[in-house]
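Residue numbers (the numbering used here): 25 to 141. Where is the CB? At the ideal position from N, CA and C, for every residue including glycine. Structure record follows, encoded as structure tokens.
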């Protein structure tokens with residue numbers, strides 16, 4: 025029956041291999057975020073755009089990227105124009121990154137306004 029066929033397919037499933045692949049994907053994205061934080065000119069940020077769009081574009085990686093773009097270290101304001109370039113370049117292909125980032129930034133802005141009064 026069909027159920028037996030599916031059971032046989034899952035007998036070969038290796039949980040350790042799945043976890044290992046998952047960790048590898050996470051470490052690749054972590055390395056990309058580190059690389060993004062070291063992009064200090066237009067050429068480097070454009071290379072990061074290409075790398076993300078071609079190799080790292082998945083829903084989980086987009087969320088990780090969004091968190092990294094939103095939580096810039098206060099001492100690294102020099103990165104903001106390059107992050108803006110990254111988001112603007114990616115926008116035609118993945119508009120939800122720019123939209124979500126704008127929503128998050130607006131929320132943070134209003135939080136600080138309310139906190140003052």
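- The region 68-75 and the region 108-119 touch, with three or more beta-carbon pairs separated by less than 8 Å.
- In the same chain as residue 63, and ignoring 5 residues on each side of it, the C-beta atoms closer than 6 Å to its own belong to 69, 72 and 106, in chain order.
- The C-alpha of residue 131 lies about 26 Å from the C-alpha of residue 81.
- For residue 99, the closest alpha carbon among the candidates 74, 61 and 121 is that of 61.
- Residue 78 sits away from residue 118, with the two beta carbons spaced by 9 Å or more.
- Using a Cβ distance threshold of 9 Å, residue 92 and residue 57 count as a contacting pair.
- Going by beta carbons, residue 103 and residue 125 fall outside the 9 Å limit.
- In terms of Cβ geometry, residue 120 and residue 66 do not form a close pair [threshold 9 Å].
- Rounded to the nearest angstrom, the gap between the Cα atoms of residue 139 and residue 127 is 18 Å.
- In the structure shown, the three-state DSSP call for residue 72 is helix.
- Excluding five sequence positions before and after residue 53, the CB atoms of its chain that fall closer than 7 Å to its own CB belong to 80, 85 and 88, given in chain order.
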